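A.B. asks: Have a look at this one before I ask anything.
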Amino acid sequence: MTAVAVSETEYVRRPLGGRLRISSAWLGAAPFLLYTGLFLFLPTVLVAVGAFSGPHGPTLANLAQLSRPYVVSAFLNSLVLSAVSASVGAVVGSVLAYAVATGSPDGILRRLVTAFCGVLSQFGGVTLAFAFIATIGTEGFIVIWLQQHGIRFYPNGVWLFSLTGLTLIYTYFEIPLMVIVFMPALDGIRPQWREATETLGGGTWHYWRHVAGPLLMPAFLGAWLLLFANAFSAYATAAALLDIGGVIVPLQISRALSSEVGLDQANFAAALALGMVVIVAIITLLYARLQRRSARWLPR
Amino acid sequence: MNRRRHRRLAAFKAVVYVVLGLFFLLPIAAMVEFATRGVGISSPRTLTAFTSIGSDPELVDAITASLELAVITSLGMLALLLPTMIWIRLRVPQMVRPVELVCLTPLTIPAIVLVVGFAPIYNWIEINVSDSILMLALAYLVLVLPYCYRALDAGLSAVDIRTLSEAARSLGASWATVMWRIIVPNMSSAVSNACLLCVAVVLGEFTVANLLNFENLQVAISILGTGNASVSIALAVVSLVFVFFFLLLLSFLGRALSRRRGGAARA
Chain A
977 MTAVAVSETE
987 YVRRPLGGRL
997 RISSAWLGAA
1007 PFLLYTGLFL
1017 FLPTVLVAVG
1027 AFSGPHGPTL
1037 ANLAQLSRPY
1047 VVSAFLNSLV
1057 LSAVSASVGA
1067 VVGSVLAYAV
1077 ATGSPDGILR
1087 RLVTAFCGVL
1097 SQFGGVTLAF
1107 AFIATIGTEG
1117 FIVIWLQQHG
1127 IRFYPNGVWL
1137 FSLTGLTLIY
1147 TYFEIPLMVI
1157 VFMPALDGIR
1167 PQWREATETL
1177 GGGTWHYWRH
1187 VAGPLLMPAF
1197 LGAWLLLFAN
1207 AFSAYATAAA
1217 LLDIGGVIVP
1227 LQISRALSSE
1237 VGLDQANFAA
1247 ALALGMVVIV
1257 AIITLLYARL
1267 QRRSARWLPR
Chain B
263 MNRRRHRRLA
273 AFKAVVYVVL
283 GLFFLLPIAA
293 MVEFATRGVG
303 ISSPRTLTAF
313 TSIGSDPELV
323 DAITASLELA
333 VITSLGMLAL
343 LLPTMIWIRL
353 RVPQMVRPVE
363 LVCLTPLTIP
373 AIVLVVGFAP
383 IYNWIEINVS
393 DSILMLALAY
403 LVLVLPYCYR
413 ALDAGLSAVD
423 IRTLSEAARS
433 LGASWATVMW
443 RIIVPNMSSA
453 VSNACLLCVA
463 VVLGEFTVAN
473 LLNFENLQVA
483 ISILGTGNAS
493 VSIALAVVSL
503 VFVFFFLLLL
513 SFLGRALSRR
523 RGGAARA
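From first to last, the protein sequence lines are chains A and B.
Residues 977 to 1276, numbered by the working numbering, are exactly what the first sequence covers, in order.
Residues 263 to 529, numbered by the working numbering, are exactly what the second sequence covers, in order.
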């Protein structure tokens, strides 16, 4: 009843009808709803509508274009790139997270690693592409250093500016992201689990295989999906690194969007974007289901 | 047995830190090395690349624009999101879940997808409102929503806003006073967290600016990279270090504030 008392003081000055009372409280959320309507929902709707419209009204032609060989290969490239970088990132990242989680919770090392991971997982993009060009580009630090010692870094041609190079660079921001996402799960591990295993005569292997492993698995898979989605939608690094467009889906979108040919291409970009949304939506659904399973065991 | 495990764990951690430390620090060191290279092979190290950042007017424009965008986006976020979050918690609690859902949506729609929808909207804005780069703040506000929502939500749930607002209202405070002079000062660390996250996201943003043909900091770095690599890498180093210390500050600030609050509660 105390909640009502507050609202009543507000309405004493406005003796209006019941319906208007409700709307005056709702009005407070109006600017937010208006803004997100214009800049979050309108763009999304424009993408969905654009994917199905052409110069002569509604059409499925844009979606049909998705079956072109170079589009299919871009989607496949994107999927492989995301799967490989997410897998490497998840495994290496969880190892690093474990090393950090077993240290002092308030230590300077943990705070440094967390801050560092925060920067690298967010700030990747263009900077990262240049960092790797400076390291293992043809004029890069390591390449030149090895050359001075008579070793060729690229015996079979430069692979930095290809999907291989892109995969390596993506792991650079996937590992920090994994540390951030997976750390809470590792912090949830209780020493009692290990003690219980040892009481029952189990060793380190048994502990990881039968206790900690299965308990952490849903969180691990959930984090993997997040990493996958992150790599799948990344654009900046590839745009800064690769001159040739269209190798992965985001680059296809950017090429279609910046082409001068006209509305047709804008609709094709919308179809590509819709394809990406569908894939990310499937991943998000899987992620939500896994989260529910791991939440049962790990305290938040 | 236990001591052996501890020693093994220490060795494992040392290996992990050294190997990954190398992997993560080498590219950054290489950027510094690259940016300080002289013209010839044997010429001495030089800081020309760093000092010439300030002498390129186009670059200065881009840096200024990004910093302005960071400030505008932070202020816009505070003006739009914070009052809404407080208001619905106090007055329309059934809206809390839907608003949360809306705020977290940008996480599932990649920026590269959103930008396809932004393109026609920005066409309209350029013709009818303004073609200034600062218009990007409208799009950036969407990109920072999920991060800021989480930061502010953490702060709001730690404060008993209902009791505070009822006390203030019964003493005759207006809703604006309740928000800005009662609730916000009680969650200052969450507010500063949200602002710092905003700044980090905006300074690192490339996708939207590049595809809508605006030249912000990251786009400038990228364009410069094709012509004058060492200056663009120098700029990349500077911006990376800047954001790193920003986030480090955030973690210290958050701890200091929470410790202060904890101390006050005990006293």
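Cβ coordinates follow ideal geometry from the N, Cα and C atoms, glycine included.
The structure presented is a predicted model; accordingly, all values stated were derived computationally and were not measured.
Is the beta carbon of Ala-1073/A closer than 8 Å to that of Val-1155/A?
C.D. replies: Walking along the first sequence from the start, residue 1155/A turns up at place 179. Walking along the first sequence from the start, residue 1073/A turns up at place 97. Closer than 8 Å, so yes.
A.B. asks: So Leu-309/B packs on Leu-486/B, CB below 8 Å; how close in whole Å?
C.D. replies: Taking the first residue of the second sequence as position 1, residue 309/B is located at position 47. Taking the first residue of the second sequence as position 1, residue 486/B is located at position 224. No, Leu-309/B and Leu-486/B are not in contact; Cβ-Cβ is about 17 Å, not under 8 Å.
A.B. asks: I'd like the span of the alpha helix (DSSP H) that includes Thr-1277/A, first residue to last.
C.D. replies: There is no way to answer for residue 1277/A, as the model of chain A reaches only from 977 to 1276.
A.B. asks: So, for Ser-1070/A: in the same chain, excluding its five sequence neighbours on each side, which residues have a beta-carbon less than 7 Å away from its beta-carbon?
C.D. replies: What you label residue 1070/A is simply residue 94 of the first sequence in a count that begins at 1. Counting only Cβ-Cβ distances below 7 Å, and skipping sequence neighbours, we find Met-1154, Phe-1158, Phe-1196.
A.B. asks: Starting from the beta carbon of Gln-480/B, find every residue of chain A whose beta carbon is closer than 9 Å, and list them in chain order.
C.D. replies: Taking the first residue of the second sequence as position 1, residue 480/B is located at position 218. Neighbours of Gln-480/B on chain A, chain order: Gly-1101, Val-1102, Thr-1103, Ala-1212, Ala-1216.
A.B. asks: From the DSSP secondary-structure annotation, give me the bridge partner or partners of Pro-1034/A.
C.D. replies: Here residue 1034/A is taken as the residue at index 58 of the first sequence, counted from 1. According to DSSP, which records beta bridges pairwise, Pro-1034/A is partnered with Ser-1029/A.
A.B. asks: For the 8 Å Cβ check, are there 3 or more pairs between the region 387 to 406 of chain B and the region 457 to 470 of chain B?
C.D. replies: Output reads yes: the region 457 to 470 of chain B touches the region 387 to 406 of chain B.
A.B. asks: Give me the Cα-Cα distance between Ser-1235/A and Leu-474/B, rounded to the nearest whole angstrom.
C.D. replies: Counted from its first residue, the first sequence places residue 1235/A at position 259. Counted from its first residue, the second sequence places residue 474/B at position 212. Answer to the nearest angstrom: the Cα atoms are 12 Å apart.
A.B. asks: Which same chain residues end up closer than 7 Å to Phe-1204/A when comparing Cβ atoms and leaving out the 5 residues on each side of it in sequence?
C.D. replies: On the first sequence, residue 1204/A is found 228 positions in, with the first residue counted as 1. Ser-1058, Ala-1059, Ala-1062, Ile-1259.
A.B. asks: Check distances from the C-beta atoms of the region 365 to 391 of chain B to those of chain A and list, in chain order, the residues that come in under 9 Å.
C.D. replies: Cβ contacts with chain A: Cys-365, Thr-367, Pro-368, Leu-369, Thr-370, Ile-371, Pro-372, Ala-373, Ile-374, Val-375, Leu-376, Val-377, Val-378, Gly-379, Phe-380, Ala-381, Pro-382, Ile-383.
A.B. asks: Tell me whether the beta-carbon of Ala-1215/A lies closer than 8 Å to the beta-carbon of Leu-1227/A.
C.D. replies: On the first sequence, residue 1215/A is found 239 positions in, with the first residue counted as 1. On the first sequence, residue 1227/A is found 251 positions in, with the first residue counted as 1. Cβ atoms of Ala-1215/A and Leu-1227/A: closer than 8 Å.
A.B. asks: How would you list, in chain order, the residues of chain E whose beta-carbon sits under 7 Å from the beta-carbon of Trp-349/B?
C.D. replies: In summary, chain E is missing from the structure at hand, where the protein chains are A and B.
A.B. asks: Helix, strand or coil: which one does DSSP assign to Arg-1128/A?
C.D. replies: Along the first sequence, one-based indexing puts residue 1128/A at 152. In this structure, Arg-1128/A counts as coil in the three-state DSSP scheme.
A.B. asks: Are the beta-carbon atoms belonging to Asn-1206/A and Gly-1030/A less than 8 Å from one another?
C.D. replies: Position 230 of the first sequence, counted from the first residue, corresponds to residue 1206/A. Position 54 of the first sequence, counted from the first residue, corresponds to residue 1030/A. Not in contact: Asn-1206/A and Gly-1030/A (Cβ atoms no closer than 8 Å).
A.B. asks: According to DSSP, simplified to helix, strand and coil, what is Val-354/B?
C.D. replies: Position 92 of the second sequence, counted from the start, is the residue given in the question as residue 354/B. Val-354/B falls in the coil class under three-state DSSP.
A.B. asks: Any chance you could list the alpha helix (DSSP H) runs of at least 4 consecutive residues sitting entirely within the region 452 to 487 of chain B, in chain order?
C.D. replies: Correct list: 469 to 473.
A.B. asks: Thinking Leu-1139/A and Val-1223/A are a contact (beta carbons under 8 Å), I'd like their distance in whole angstroms, please.
C.D. replies: Sequence index remark: in the first sequence, residue 1139/A carries index 163 (1-based). Sequence index remark: in the first sequence, residue 1223/A carries index 247 (1-based). Between Val-1223/A and Leu-1139/A the Cβ distance is about 7 Å, and since that is below 8 Å, they are a contact.
A.B. asks: Counting only Cβ-Cβ distances shorter than 9 Å, please list the residues of the region 1059 to 1079 of chain A near chain B, keeping chain order.
C.D. replies: Those residues of the region 1059 to 1079 of chain A that come within reach of chain B (Cβ to Cβ, closer than 9 Å) are Val-1068, Val-1071, Leu-1072, Tyr-1074, Ala-1075, Val-1076, Thr-1078, Gly-1079.
A.B. asks: For a test of the three-state rule: what should DSSP assign to Ala-401/B, helix, strand or coil?
C.D. replies: For the purposes of this step, residue 401/B is taken as residue 139 along the second sequence, with counting starting at 1. DSSP places Ala-401/B in helix when its eight states are reduced to three.
A.B. asks: Answer with yes or no whether the minimum CB distance from Gly-1116/A to chain B is below 8 Å.
C.D. replies: Position 140 of the first sequence holds residue 1116/A. It does; some Cβ of chain B falls within 8 Å.
A.B. asks: Would you identify the three-state DSSP class for Arg-1276/A, choosing helix, strand or coil?
C.D. replies: Looking up residue 1276/A in the first sequence gives position 300. Below a pLDDT of 50, predicted positions are generally treated as unreliable, and Arg-1276/A, at 44, falls in that range; no measurement from the model is reported.
A.B. asks: Which same chain residues end up closer than 6 Å to Pro-289/B when comparing Cβ atoms and leaving out the 5 residues on each side of it in sequence?
C.D. replies: In the second sequence, residue 289/B corresponds to position 27, counting from 1. No residues qualify anywhere along the chain.
A.B. asks: Could you compute how far the alpha carbon of Gly-1033/A sits from the alpha carbon of Gly-1133/A?
C.D. replies: Locating residue 1033/A in the first sequence gives position 57, counting from the first residue. Locating residue 1133/A in the first sequence gives position 157, counting from the first residue. Answer to the nearest angstrom: the Cα atoms are 49 Å apart.
A.B. asks: Between Ser-1234/A and chain B, is there a C-beta pair that is closer than 8 Å?
C.D. replies: Looking up residue 1234/A in the first sequence gives position 258. Ser-1234/A counts as touching chain B.
A.B. asks: Any idea what DSSP makes of Met-449/B, helix, strand or coil?
C.D. replies: As a working note, residue 449/B is residue 187 in the second sequence. Correct three-state label for Met-449/B: coil.
A.B. asks: On the criterion of 16 or more Cβ atoms from any shown chain inside 10 Å, does Thr-313/B qualify as buried, or is it exposed?
C.D. replies: As a position in the second sequence, residue 313/B is number 51, starting the count at 1. So Thr-313/B counts as exposed.
A.B. asks: Name, please, each residue of chain B whose Cβ falls closer than 8 Å to the Cβ of Met-1252/A.
C.D. replies: One-based indexing of the first sequence puts residue 1252/A at position 276. Within 8 Å Cβ-Cβ: Pro-372, Ile-374, Val-375.
A.B. asks: Taking 8 Å as the threshold (C-beta atoms), are Val-277/B and Phe-380/B in contact?
C.D. replies: On the second sequence, position 118 is the one that residue 380/B refers to. On the second sequence, position 15 is the one that residue 277/B refers to. Against a cut-off of 8 Å, the Cβ pair of Val-277/B and Phe-380/B comes out as no contact.
A.B. asks: Where do the ends of the alpha helix (DSSP H) carrying Phe-1108/A lie?
C.D. replies: In the first sequence, the residue the question calls residue 1108/A occupies position 132. 1101 to 1112 is the extent of the alpha helix (DSSP H) around Phe-1108/A.
A.B. asks: Could you check where the alpha helix (DSSP H) with Ser-392/B kicks off and where it finishes?
C.D. replies: For this step, residue 392/B is matched to residue 130 along the second sequence. Run containing Ser-392/B: none; DSSP gives neither H nor E here.
A.B. asks: Whole angstroms is fine: what's the gap from His-268/B's alpha carbon to Pro-1190/A's?
C.D. replies: Along the second sequence, one-based indexing puts residue 268/B at 6. Along the first sequence, one-based indexing puts residue 1190/A at 214. Cα to Cα, His-268/B sits roughly 23 Å from Pro-1190/A.
A.B. asks: Cβ of Ala-399/B within 8 Å of Cβ of Thr-335/B?
C.D. replies: Counted from its first residue, the second sequence places residue 399/B at position 137. Counted from its first residue, the second sequence places residue 335/B at position 73. In contact: Ala-399/B and Thr-335/B (Cβ atoms closer than 8 Å).
A.B. asks: For a minimum of 4 consecutive residues, which ranges assigned as the alpha helix (DSSP H) are wholly contained in the region 1221 to 1273 of chain A?
C.D. replies: You should have 1225 to 1234, 1239 to 1271.
A.B. asks: Return yes when the Cβ of Ser-492/B is within less than 8 Å of the Cβ of Phe-296/B, no when it is not.
C.D. replies: Here residue 296/B is taken as the residue at index 34 of the second sequence, counted from 1. Here residue 492/B is taken as the residue at index 230 of the second sequence, counted from 1. It is a contact, given that the beta carbons lie within the stated cut-off.
A.B. asks: When the Cα atoms are used, what is the spatial distance from Arg-1044/A to Ala-1232/A?
C.D. replies: Here residue 1044/A corresponds to residue number 68 of the first sequence, with the count starting at 1. Here residue 1232/A corresponds to residue number 256 of the first sequence, with the count starting at 1. Using only the alpha carbons, I get a separation of about 14 Å.
A.B. asks: Can a CB atom of chain A be found closer than 8 Å to the CB of Pro-289/B?
C.D. replies: As a working note, residue 289/B is residue 27 in the second sequence. Chain A contact via Cβ: present.
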